[in-house]
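*Asks:*
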Amino acid sequence: MSRQAALSGLMSSILAPPTLLLSLVLSAAAEPSPRVTTDTAEYCNSLVLRLAELPAAKREPSRSLAAEGERLCGTGHVRTGIAKLRRAVRAAMASQ
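Position in the sequence shown (first residue = 1) + 980 = my numbering.
Okay, here's the thing in structure tokens:
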């Protein structure tokens, strides 16, 4: 019997299906819910609103990155705009 097959058999016997399912549910419950992100104008707006809540957003480089991101989103370059807005949020959070 190969080592991989033996290990697989051992894991199967240790974690029976109900136990495995329960462990997955518990580990998922312990983590914060992920943000669902899409490349849409709505996501641009949510980033702008999130940035507005940060006090450091009015300082450089966050301010210029946010302005550029908003402009790009407004002209249809949503993916690039989102990238700029994300950088602005990270910069604002780092300088707090």
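By construction, the Cβ of each residue, glycine as well, lies at the ideal position given by its N, Cα and C atoms.
Check for me: the alpha helix (DSSP H) holding Arg1051 runs from which residue to which?
*Replies:* Residues Ser1042 to Gly1054.
*Asks:* Secondary structure at Thr1060, three-state DSSP: helix, strand or coil?
*Replies:* The answer is helix: DSSP assigns Thr1060 an H, G or I state.
*Asks:* Can you grab the Cα-Cα spacing for the pair Gly1054 / Ala1021, in whole Å?
*Replies:* Gly1054 and Ala1021 have their alpha carbons spaced roughly 8 Å apart.
*Asks:* Would you call the CB atoms of Leu1045 and Arg1070 closer than 7 Å?
*Replies:* no
*Asks:* Leaving aside the five residues before and after Glu1048 along the sequence, list all residues of the same chain whose C-beta is less than 7 Å from its C-beta, in chain order.
*Replies:* Lys1064
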